[in-house]
Ligand code: NAD
Ligand code: MG
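In full-length UniProt numbering, the protein residues as written are 1 to 308.
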């Protein structure tokens, strides 16, 4: 075989060399670590990859106006960076305690020459959810893509340790907030717009210590399937992303036990946790015009284990 054709065989379509997914990122064991909730991605060890240095856009979402909840860190941050690099203006919501993470994301969006709107606040209140959408629409000059991504996950070994207050907290964040935000956003969404929800493999394969959280993720999956049917005739697509173990601050702020954190992602066929950056292209694809026949779908990213 000639050297030239070897190069062609061994390159991906964008010209970058093949990457072995088992060796692409750090693997367990990880060191024990906890942070007070909601935590900061920048304080994790190792720091997650949200695509800050790696995501390359190609104008797939030029001029789109996006609102992402939980856009300061983790999966939402990776989506925010990717959307900005694809040419979209982006508003992010997060909690006031997460300002340092949010500031970094805002800077990265601005660096792409896109509008970056920071809207801190607690989505457990309906009034704030309405205000959030209003401010995003005002700041962006409209809305085309809504990403319901914020989430609350706390590990409890037994239902007996799970208080009504904790249960309610999880339900309010993961189920009520997407309901309130979507309701407020809908009047602004034109045909061609997209709603994307971050669900989880927990929706179909719940862990014993995530009793409340897993139920909310099953609800998120059902949200996608039902809402897609409701909004299909209006030309608005609704899809979900179902991650497996992803290296984010949610896991080290009560989301997982320390035993789980130390071996995080080891049980997957790829032998490591996913990085938020590895999900970014899914959020882009689901929002892009060329995914026009995909609605009501759940797209998995779980390193080979779990079902969406
Ligand atoms: P993350 O902690 O980086 O992001 C979650 C975000 O939710 C926080 O940054 C915070 O801004 C937001 N949030 C939580 N409560 C809020 C509230 N009351 N008001 C406003 N914002 C609030 O962690 P992540 O893992 O990137 O989580 C993003 C989504 O991914 C969540 O829905 C989570 O359930 C889902 N998910 C994560 C994993 C994983 O392994 N990390 C796996 C499956 C699904
Ligand atoms: Mg955060």
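Glycine residues also receive a C-beta, built at the ideal position from the N, C-alpha and C atoms.
**Asked** For residue 56, which three-state DSSP category applies?
**Response** Counting from one through the chain shown, the residue named residue 56 turns up at place 56. Three-state result, residue 56: coil.
**Asked** Ordered along the chain, which non-local residues of its own chain (more than five positions away) have a Cβ less than 7 Å from that of residue 21?
**Response** Translated into the one-based positions of the chain shown, residue 21 becomes position 21. Counting only Cβ-Cβ distances below 7 Å, and skipping sequence neighbours, we find 270.
**Message:** Contact defined as beta carbons within less than 8 Å: I believe residue 214 pairs with residue 51. What is the distance between those atoms, to the nearest angstrom?
**Reply:** Walking along the chain shown from the start, residue 214 turns up at place 214. Walking along the chain shown from the start, residue 51 turns up at place 51. Incorrect: roughly 28 Å between the Cβ atoms, too far for contact.
**Request:** Return the Cβ separation of residue 86 and residue 120 in integer angstroms, given the expectation that the two are a contact with Cβ distance under 8 Å.
**Result:** Taking the first residue of the chain shown as position 1, residue 86 is located at position 86. Taking the first residue of the chain shown as position 1, residue 120 is located at position 120. Not a contact, Cβ separation roughly 25 Å.
**Asked** Cβ-heavy atom distance between residue 77 and the ligand ZN below 8 Å?
**Response** Ligands present in the displayed structure are limited to the ligand NAD and the ligand MG, and the ligand ZN is not among them.
**Item:** Close beta carbons around residue 294, own chain, < 8 Å, minus the five adjacent residues each side
**Value:** Locating residue 294 in the chain shown gives position 294, counting from the first residue. Once the five neighbours on either side are set aside, the close Cβ partners of residue 294 are 237, 239, 286.
**Item:** Element boundaries [beta strand (DSSP E), containing residue 89]
**Value:** Working through the chain shown from its first residue, we reach residue 89 at position 89. It spans 89 to 94 - the beta strand (DSSP E) in which residue 89 sits, taken as one unbroken run.
**Prompt:** So is the beta-carbon of residue 354 under 8 Å away from any non-hydrogen atom of the ligand NAD?
**Reply:** No information on residue 354 is available, as it lies outside the stretch 1 to 308 that the chain covers here.
**Message:** Check whether the segment 153 to 163 and the segment 244 to 256 touch, using three or more Cβ-Cβ pairs below 8 Å as the test.
**Reply:** yes
**Reduced DSSP category for residue 253 - H, G, I as helix; E, B as strand; rest coil** = Taking the first residue of the chain shown as position 1, residue 253 is located at position 253. Residue 253: coil per DSSP, three-state reduction.
**Message:** So, for residue 6: in the same chain, excluding its five sequence neighbours on each side, which residues have a beta-carbon less than 8 Å away from its beta-carbon?
**Reply:** Counting from 1 along the chain shown, the entry for residue 6 is found at position 6. Confidence is the limiting factor: at residue 6 the pLDDT is only 40, short of 50, which leaves the residue's position unreliable and the question unanswerable from this model.
**Request:** Excluding the 5 residues preceding and the 5 following residue 40 in the sequence, name in chain order all residues of the same chain whose CB lies nearer than 8 Å to its CB.
**Result:** Your numbering for residue 40 matches position 40 in the chain shown. Excluding sequence neighbours, residue 40 sits near 73, 98, 100, 101, 249.
**Asked** Who are the Cβ neighbours of residue 49 in its own chain at under 6 Å, not counting the five residues just before and after it?
**Response** The residue labelled residue 49 in the question sits at position 49 within the chain shown. If we look at residue 49 and ignore the five residues flanking it on each side, its Cβ neighbours are 275, 277.
**Request:** On the DSSP bridge assignment, give the partners of residue 116 in chain order.
**Result:** Locating residue 116 in the chain shown gives position 116, counting from the first residue. According to DSSP, residue 116 bridges with 90.
**Message:** Measuring straight from C-alpha to C-alpha, what distance separates residue 108 and residue 56?
**Reply:** Here residue 108 refers to the residue found at position 108 when the chain shown is read from its first residue. Here residue 56 refers to the residue found at position 56 when the chain shown is read from its first residue. When rounded, the distance between both Cα atoms is 13 Å.
**Request:** With DSSP collapsed to three states, give me the class of residue 288.
**Result:** The residue labelled residue 288 in the question sits at position 288 within the chain shown. In this structure, residue 288 counts as coil in the three-state DSSP scheme.
**Asked** Can you list, in chain order, the stretches of the beta strand (DSSP E) that have 3 or more residues and sit fully within the segment 93 to 170?
**Response** 116 to 120, 145 to 148
**Request:** Kindly examine the ligand MG and report whether one of its heavy atoms sits closer than 8 Å to the Cβ of residue 38.
**Result:** Counted from its first residue, the chain shown places residue 38 at position 38. Indeed, a heavy atom of the ligand MG lies less than 8 Å from the Cβ.
**Prompt:** Straight-line CA distance for residue 88 to residue 245?
**Reply:** What you label residue 88 is simply residue 88 of the chain shown in a count that begins at 1. What you label residue 245 is simply residue 245 of the chain shown in a count that begins at 1. Approximately 28 Å, taken between the alpha carbons.
**Request:** Kindly indicate which three-state DSSP category residue 5 falls into: helix, strand or coil?
**Result:** Residue 5 sits at position 5 when you count from the first residue of the chain shown. Reliability of the predicted coordinates at residue 5 is poor, the pLDDT of 36 falling under 50, and the value obtained from them is presented with this limitation in mind. Residue 5 falls in the helix class under three-state DSSP.
**Message:** Going by C-alpha to C-alpha distance, which of 273, 59, 198, 128 sits closest to residue 216?
**Reply:** Start at 1 with the first residue of the chain shown, and residue 216 comes out as number 216. Out of 273, 59, 198, 128, 198 has the C-alpha closest to the C-alpha of residue 216.
**Request:** Could you tell me the distance, in whole angstroms, from the CA atom of residue 323 to the CA atom of residue 234?
**Result:** In the structure as shown, the chain begins at 1 and stops at 308. Residue 323 is therefore absent and cannot be evaluated.
**Prompt:** From residue 124 to residue 69, what does the alpha carbon distance come to, in whole angstroms?
**Reply:** As a position in the chain shown, residue 124 is number 124, starting the count at 1. As a position in the chain shown, residue 69 is number 69, starting the count at 1. Straight-line Cα distance between these residues: approximately 12 Å.
**Item:** Contacting residues, own chain, Cβ-Cβ under 7 Å from residue 273 (five flanking each side not counted)
**Value:** The count along the chain shown starts at 1 and reaches residue 273 at position 273. Excluding sequence neighbours, residue 273 sits near 245, 246, 247, 264, 265.
**Reference residue 194; option with closest CA among 115, 231, 27** = The residue you call residue 194 lines up with position 194 of the chain shown. Looking at the Cα atoms, 231 is the closest of the given residues.
**Rounded separation between residue 205 and residue 242 - CA only** = For the purposes of this step, residue 205 is taken as the residue at position 205 of the chain shown. For the purposes of this step, residue 242 is taken as the residue at position 242 of the chain shown. Residue 205 and residue 242: Cα-Cα distance of roughly 12 Å.
**Request:** Flag residue 73 as yes when its Cβ comes closer than 8 Å to any non-hydrogen atom of the ligand MG, and as no otherwise.
**Result:** In the chain shown, counting from the first residue as 1, residue 73 sits at position 73. Under cutoff, so the answer is yes.
**Asked** Hey, out of 229, 181, 170, whose CA is closest to residue 211's CA?
**Response** Here residue 211 is taken as the residue at index 211 of the chain shown, counted from 1. Looking at the Cα atoms, 170 is the closest of the given residues.
**Message:** If I measure Cβ to Cβ from residue 146 and keep anything under 6 Å in the same chain, skipping five residues before and after, which residues do I get?
**Reply:** In the chain shown, counting from the first residue as 1, residue 146 sits at position 146. So the qualifying residues of the chain are 67, 185, 195.
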